[in-house]
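Q: So in UniProt numbering, spot 159 of the sequence shown is number 159, and the numbers just go up one at a time.
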Amino acid sequence: MSPPPFMSPPPFKDLGKSAKDLFSKGFAHGFMKLDVTTDASPNVQFKSSATHDLTAQTLAGNVEVKYKILEHGITITEKWNTNNQLTTVFEVKDKVLRGLKLSVDTSYFPQNGKRVGVANADWYNESVHVNSSLTLFDGPVFTASAVAQIPRDWPTAGWLAGGQAKIDFSTGELKTTSFALGRKMADWTLHSFIVDGKQFGGSVHHRVHKNLEYGVMLGWKSGDADAQWGIASKYTVNPELSVRAKLDNKSQVSVSATHSLSDALKLTLSSHFGLTNFPDAVSKIGLGLEYCPSPCCNGISVIG
Numbered sequence: 001m002s003p004p005p006f007m008s009p010p011p012f013k014d015l016g017k018s019a020k021d022l023f024s025k026g027f028a029h030g031f032m033k034l035d036v037t038t039d040a041s042p043n044v045q046f047k048s049s050a051t052h053d054l055t056a057q058t059l060a061g062n063v064e065v066k067y068k069i070l071e072h073g074i075t076i077t078e079k080w081n082t083n084n085q086l087t088t089v090f091e092v093k094d095k096v097l098r099g100l101k102l103s104v105d106t107s108y109f110p111q112n113g114k115r116v117g118v119a120n121a122d123w124y125n126e127s128v129h130v131n132s133s134l135t136l137f138d139g140p141v142f143t144a145s146a147v148a149q150i151p152r153d154w155p156t157a158g159w160l161a162g163g164q165a166k167i168d169f170s171t172g173e174l175k176t177t178s179f180a181l182g183r184k185m186a187d188w189t190l191h192s193f194i195v196d197g198k199q200f201g202g203s204v205h206h207r208v209h210k211n212l213e214y215g216v217m218l219g220w221k222s223g224d225a226d227a228q229w230g231i232a233s234k235y236t237v238n239p240e241l242s243v244r245a246k247l248d249n250k251s252q253v254s255v256s257a258t259h260s261l262s263d264a265l266k267l268t269l270s271s272h273f274g275l276t277n278f279p280d281a282v283s284k285i286g287l288g289l290e291y292c293p294s295p296c297c298n299g300i301s302v303i304g
């Protein structure tokens, strides 16, 4: 039996995730998308999706099968997409050390024989979260990151500090360095970051009410005259209907509505348009349909 889970800081890539999700999830403008997730058994899950690009008039799809060997902490995932990319992910969790997940992610392109692979190690406890990855066929390129928490009452409130570095061993070059600092409270989070000393940014996420939240993101690159910014919000009208909207510094507006037709079926309608030269500006619409009777999908939308 696995030990009970404990709370830990998020990985470096998930710092500021609450605000990022408001901008990225629930929007499907420019596409018609179908996502289906089903469980063949408690240990076998199937995922498939099809996406039609309304602008390019192209259709893309992928299929994923996930096998779980719970007694050994092993998960094997097989993927295929319409680019003829074959992917296998093998991972072991909480067996070598509690909080440690080891995985190997490999992809093969039969049309040209190209191979891509990454070995990953992820370890966390109540105070830190450490990630590392090493490319297997190129470079090799090594990436490492760590996030530490500085509170006593996590996860209700506290500070988070993290850093990430990427090194190309073939050239000995330090390719990228990133640093982040964040503050988490009961109903709001603050996130700031620096990349290579040239890119600066931050975000704020605030849950104003149990059914209303909004986020703000800011970014600026050295040499740019103007900063980039955006504001996004989500309003949950009732358990079956939620509405999202976002606006950026280029006066681009996106709105969407997601309606739960049943416990397993969700429909999303999206629209995207510019305020400049409105109503003559080019607009986009989109439609997403998600079917997921699996219990793991409750409350999770993969559309957008």
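Just so you know, even glycine gets a beta-carbon here, dropped at the ideal spot from N, CA and C.
Since I believe G215 is in contact with A19 (beta carbons under 8 Å), could you give me their beta-carbon distance rounded to a whole number of angstroms?
A: The Cβ separation is near 4 Å, so the contact holds.
Q: Figure out for me which residue from S107, A121 and V96 has the closest Cα to the Cα of W80.
A: Nearest C-alpha to W80: S107.
Q: Starting from F23 and walking both ways along the alpha helix (DSSP H), at which residues does that stretch end?
A: Run containing F23: K17 to S24, per the alpha helix (DSSP H) assignment.
Q: Go ahead and pull the three-state DSSP assignment for L70.
A: Residue state, collapsed to three classes: helix.
Q: Can you grab the Cα-Cα spacing for the pair S301 / K25, in whole Å?
A: In this predicted model, S301 has a pLDDT of only 36, less than 50, meaning its place in the structure is not dependable; the value taken from the coordinates is given anyway. So the two alpha carbons sit approximately 8 Å from each other.
Q: Thinking just about the alpha-carbon of each residue, which of A60, W123, R115 and K114 is nearest to the one in E91?
A: Here the closest residue by C-alpha is W123.
Q: F12 by DSSP, collapsed to three states: which one?
A: In this structure, F12 counts as helix in the three-state DSSP scheme.
Q: If G197 and W220 are in contact, beta carbons under 8 Å, what's the gap, nearest whole angstrom?
A: The pair is not a contact, with the Cβ atoms about 13 Å apart (cut-off 8 Å).
Q: Measuring only the C-alpha atoms, how far is L102 from A161?
A: Cα to Cα, the separation comes out at about 24 Å.
Q: Runs of 3 residues minimum, wholly inside the region 159-216: which ones carry the beta strand (DSSP E) assignment?
A: Here the runs fully enclosed are 173-184, 188-195 and 199-209.
Q: Whole angstroms is fine: what's the gap from L190's alpha carbon to D21's?
A: For L190 and D21, the distance between alpha carbons rounds to 14 Å.
Q: Rounding to the nearest angstrom, what Cα-Cα distance links L181 and I167 in this structure?
A: If you take the alpha carbons of L181 and I167, they lie about 22 Å apart.
Q: Put K221 into one of helix, strand or coil per three-state DSSP.
A: Three-state result, K221: strand.
Q: Can you grab the Cα-Cα spacing for the pair M7 / K93, in whole Å?
A: So the alpha carbons of these two residues sit roughly 16 Å apart.
Q: Considering only residues of the same chain and omitting the five flanking positions on each side of residue 313, which have a CB-CB separation below 6 Å?
A: Here the chain has residues from 1 to 304 only, and residue 313 is not among them.
Q: Let me know the secondary structure DSSP gives A227 once reduced to three states.
A: Of the three classes helix, strand and coil, the one that applies to A227 here is coil, per DSSP.
Q: Going by DSSP, what residues sit across from Q57 in a beta bridge?
A: None; Q57 has no bridge partner.
Q: Measuring only the C-alpha atoms, how far is G299 from Q228?
A: In this prediction, G299 has a pLDDT of 38, which is less than 50 and means its spatial position is unreliable; what the coordinates show is noted afterwards. When rounded, the distance between both Cα atoms is 31 Å.
Q: When you compare only the Cα positions, how much space is there between T82 and H52?
A: Their backbone Cα atoms lie some 12 Å apart in a straight line.
Q: Have a look at L174 and E240 and give me their C-alpha separation to the nearest angstrom.
A: Using only the alpha carbons, I get a separation of about 48 Å.
Q: Roughly how many angstroms separate the alpha carbons of K66 and S222, rounded to a whole number?
A: Whole-angstrom Cα-Cα distance: 43 Å.
Q: Just to confirm, are F12 and V195 a CB contact at a threshold of 8 Å?
A: No, the pair does not count as a contact, with Cβ atoms beyond the cut-off.
Q: Taking L54 as the reference, give the member of P9, H272, D263 and Q111 with the closest Cα.
A: It is H272.
Q: What does the alpha-carbon distance come out to for the pair N43 and F169?
A: Rounded to whole angstroms, N43 to F169 spans 39 Å at the Cα level.
Q: Among P140, N120, G139 and E126, whose alpha-carbon lies nearest the alpha-carbon of S132?
A: The shortest Cα separation from S132 among P140, N120, G139 and E126 belongs to N120.
Q: Is it right to say E71 is buried, meaning 16 or more other beta carbons lie within 10 angstroms of its own, or is it exposed?
A: By the neighbour-count rule (16 or more Cβ atoms within 10 Å), E71 is not buried but exposed.
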